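Student: First residue of the sequence shown? That's -9 in the working numbering, and the numbers climb one at a time after it. Even for Gly, the Cβ is constructed at its ideal location relative to N, Cα and C. Because the structure is a prediction, the values reported are computed rather than measured. Below you'll find the structure I mean.
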Amino acid sequence: AQTIKQIYIDFPATVTQVYVTQGQRIKEGDKLLSLNYEEYKLKISQKETELGLDKIQVNSSDKADTSSAKQIADLKAEATAINQRLANGTDTDILELQDQLKKSKDDLTQAETDLELAEQLLEAGSGSEDSVRVLKNKIATLKSDIGKTEQKITNTKKDKQQKVNTINTQIASLQDGVSNTKLTKNTAQTTYAIKEQVSNLEISQMKDKCVRDYIKGNDVISDIPSGVIKSISAVEGGKVGNDGSTVLEI
């Protein structure tokens, strides 16, 4: 009898059942074999999952870029605000110290005036040495307070400027990180693009092997109007598909 159809399997599978025998007449739609190729399907699924995870990882770098850009913008805004307050004299910490300084200087001026008057009264015989001594101690304390406050103002200005310098260092570090991230991202995207192309081709080829007119789910059926089983090389429990050889001829 002339062979009019060769049934071959070119993906790894196990024959779970054989429905026909040699010489048996068959028609279109008849079951010939049943296969188990879940492991092969799983490999396809795993490749698709792996590719999807790689894509997520590449895309996640976009979020990192956005986060770093926001950090840089926030830090620049903070540094600019500090510099502006220092330049136009509106920093609240410094203003508070300056108010203290002004009050101490006003108190000092008043104490010096009071001391001058007290000394005059003492010379005139109507004052007291205790009043003079108290005023001199007050003046010494006020001068000390003024010196400390002036030093606090100087130190506060330095601290504010140091904070700006620290912020600028952070900005520079983040910008370097963004540059490195972009380089890494570009490399990762290029690598992924190549892998995606190769993987999609592999997945497509693997799926195509399962797409045959005579394969319906896990069953191998006759896809010709009629014929006779000429030969069967598949046996129940046997492995097929590793070499893509013919398992049945009609």
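Rounded to a whole number of angstroms, what is the C-alpha to C-alpha distance between residue 222 and residue 239?
Tutor: Your numbering for residue 222 matches position 232 in the sequence shown. Your numbering for residue 239 matches position 249 in the sequence shown. Rounded to the nearest angstrom, the two C-alpha atoms are 7 Å apart.
Student: Quick one: give me the first and last residue of the alpha helix (DSSP H) that residue 93 is part of.
Tutor: On the sequence shown, residue 93 is found 103 positions in, with the first residue counted as 1. Residues 82 to 113.
Student: Across the stretch 182 to 191 and the stretch 33 to 44, are there enough close Cβ pairs to call them in contact, namely three or more that are closer than 8 Å?
Tutor: As far as the Cβ criterion goes, the stretch 182 to 191 touches the stretch 33 to 44, which means the pair count is three or higher.
Student: For residue 133, which option in 94, 234, 162 has the closest C-alpha, if you only look at C-alpha atoms?
Tutor: Here the question's residue 133 lines up with position 143 in the sequence shown. Answer by Cα proximity: 94.
Student: Assuming residue -5 contacts residue 217 (C-beta within less than 8 Å), just tell me the rounded distance between them.
Tutor: Residue mapping note: residue -5 aligns to position 5 of the sequence shown, counting from 1. Residue mapping note: residue 217 aligns to position 227 of the sequence shown, counting from 1. Correct: roughly 6 Å between the Cβ atoms.
Student: In angstroms, rounded to a whole number, what distance separates the CA positions of residue 144 and residue 130?
Tutor: As a first step, residue 144 must be located in the sequence shown, where it is residue number 154. As a first step, residue 130 must be located in the sequence shown, where it is residue number 140. Their Cα atoms are separated by approximately 21 Å.
Student: Give the secondary structure of residue 203 by DSSP, where H, G and I count as helix, E and B as strand, and everything else as coil.
Tutor: Stepping through the sequence shown from its first residue, residue 203 is reached at position 213. Three-state result, residue 203: coil.
Student: Applying the criterion that 16 or more other CB atoms from any shown protein chain within 10 Å of the CB defines a buried residue, is residue 139 buried or exposed?
Tutor: As a first step, residue 139 is located in the sequence shown; it is residue number 149 there, counting from the start. Classification for residue 139: buried.
Student: Here's a check: name, in chain order, each residue in its chain whose Cβ is nearer than 6 Å to the Cβ of residue 17, leaving out the five neighbours to either side.
Tutor: To locate residue 17, count along the sequence shown from 1; it is residue 27. Hits under 6 Å: 216.
Student: Under the DSSP definition of a beta bridge, which residues are partnered with residue 239?
Tutor: As a first step, residue 239 must be located in the sequence shown, where it is residue number 249. Residue 239 is bridged to -4, 221.
Student: Spell out the partners DSSP gives residue 25 in its beta bridges.
Tutor: Here residue 25 is taken as the residue at index 35 of the sequence shown, counted from 1. Paired residue(s): 5.
Student: Where do the N-terminal and C-terminal ends of the beta strand (DSSP E) with residue 210 fall, by residue?
Tutor: Here residue 210 is taken as the residue at index 220 of the sequence shown, counted from 1. Per DSSP, residue 210 belongs to the beta strand (DSSP E) from 209 to 211.
Student: What's the call for residue 237, buried or exposed, on a 16-neighbour Cβ count within 10 Å?
Tutor: Position 247 of the sequence shown holds residue 237. Residue 237 comes out buried.
Student: Sort 214, 176, 154 by Cα distance to residue 204 and report the nearest one.
Tutor: The residue given as residue 204 occupies position 214 in the sequence shown. Taking only the C-alpha atoms, the option nearest residue 204 is 214.
Student: Between residue 7 and residue 23, is the Cβ-Cβ spacing less than 8 Å?
Tutor: Position 17 of the sequence shown holds residue 7. Position 33 of the sequence shown holds residue 23. Yes, the pair counts as a contact, with Cβ atoms nearer than the cut-off.
Student: Could you tell me whether the Cβ atoms of residue -2 and residue 194 are closer together than 8 Å?
Tutor: Translated into positions along the sequence shown, residue -2 becomes position 8. Translated into positions along the sequence shown, residue 194 becomes position 204. Taking 8 Å as the Cβ cut-off, residue -2 and residue 194 do not qualify as a contacting pair.
Student: When you compare only the Cα positions, how much space is there between residue 3 and residue 196?
Tutor: Counting from one through the sequence shown, the residue named residue 3 turns up at place 13. Counting from one through the sequence shown, the residue named residue 196 turns up at place 206. Going by the C-alpha atoms only, they are around 13 Å apart.
Student: Leaving out five residues before and five after residue 164 in sequence, what residues of the same chain have Cβ atoms less than 8 Å from its Cβ?
Tutor: The count along the sequence shown starts at 1 and reaches residue 164 at position 174. So the list reads 58, 61, 62, 65, once near-sequence residues are dropped.
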